[in-house]
Amino acid sequence: MGADAKTAMNVEMTDAAARRIAKIVSGEAGKTALRVSVEGGGCSGFSYKFDLVDTRNDDDVAIEKDGATVLIDDLSLVYMGGSVIDFVDDLMGQSFQIRNPNAVASCGCGTSFSI
Numbered sequence: 029m030g031a032d033a034k035t036a037m038n039v040e041m042t043d044a045a046a047r048r049i050a051k052i053v054s055g056e057a058g059k060t061a062l063r064v065s066v067e068g069g070g071c072s073g074f075s076y077k078f079d080l081v082d083t084r085n086d087d088d089v090a091i092e093k094d095g096a097t098v099l100i101d102d103l104s105l106v107y108m109g110g111s112v113i114d115f116v117d118d119l120m121g122q123s124f125q126i127r128n129p130n131a132v133a134s135c136g137c138g139t140s141f142s143i
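The opening residue of the sequence shown carries number 29 in this note's numbering; numbering runs sequentially from there.
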């Protein structure tokens with residue numbers, strides 16, 4: 029098992045996230061997965077980006093659960109090891125959230141973090 033596979037096994041998605049991803053993808057013609065990536069920027073240094081995609085890149089690692097697929101490129105995995113991808117539906121609204129044990133700070137928007 030390569031390093032990428034070991035890292036990917038440490039990224040999980042909750043049942044709620046899997047259900048929501050499967051529902052969203054089924055309603056989008058041609059889309060097959062949710063891509064989660066980490067980019068420089070945001071109010072805390074890094075930010076998460078979510079995209080619906082129809083293709084898998086060579087450096088992607090797929091996390092699959094209950095008919096839902098999340099793709100994460102190997103560079104983003106470096107920052108996301110041990111994370112849990114969740115979908116929250118509460119009084120503040122609906123959103124995907126990433127609980128990342130590597131983040132030492134985050135901001136109110138929920139998509140920006142620092143390590």
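All C-beta atoms in this analysis are idealised placements derived from N, C-alpha and C, irrespective of residue type, glycine included. Quantities reported herein were computed from a predicted structural model and do not represent experimental measurements.
**Request:** Give the range of the alpha helix (DSSP H) segment to which S104 is assigned.
**Result:** As a working note, residue 104 is residue 76 in the sequence shown. Per DSSP, S104 belongs to the alpha helix (DSSP H) from D102 to M108.
**Request:** Thinking V89 and T60 are a contact (beta carbons under 8 Å), I'd like their distance in whole angstroms, please.
**Result:** Here residue 89 corresponds to residue number 61 of the sequence shown, with the count starting at 1. Here residue 60 corresponds to residue number 32 of the sequence shown, with the count starting at 1. The pair is not a contact, with the Cβ atoms about 15 Å apart (cut-off 8 Å).
**Request:** Taking only the alpha-carbon atoms, compute the straight-line gap between D87 and S65 and give it to the nearest angstrom.
**Result:** Indexing the sequence shown from 1 puts residue 87 at position 59. Indexing the sequence shown from 1 puts residue 65 at position 37. Straight-line Cα distance between these residues: approximately 12 Å.
**Item:** Nearest to D43 (by Cα), restricted to the options D79, F115, A131 and I52
**Value:** Looking up residue 43 in the sequence shown gives position 15. Answer by Cα proximity: F115.
**Request:** Using 10 angstroms around the beta-carbon of M120, count the other beta-carbons present and answer buried if the total reaches 16, otherwise exposed.
**Result:** In the sequence shown, the residue the question calls residue 120 occupies position 92. Result: exposed.
**Distance between beta carbons of E67 and F74, contact taken as under 8 Å** = Walking along the sequence shown from the start, residue 74 turns up at place 46. Walking along the sequence shown from the start, residue 67 turns up at place 39. Confirmed, Cβ separation roughly 7 Å.
**Request:** Determine the burial state of S104: buried for a count of at least 16 other Cβ atoms within 10 Å of its Cβ, exposed for fewer.
**Result:** By one-based count along the sequence shown, residue 104 stands at place 76. Answer is buried; the Cβ neighbour count reaches 16.
**Asked** Between which two residues does the beta strand (DSSP E) carrying R127 extend?
**Response** The residue you call residue 127 lines up with position 99 of the sequence shown. Here the beta strand (DSSP E) through R127 covers G121 to R127.
**Request:** Going by DSSP, name the residue or residues bridged to K93.
**Result:** Against the sequence shown, residue 93 aligns to sequence position 65. BP columns for K93 point to A96.
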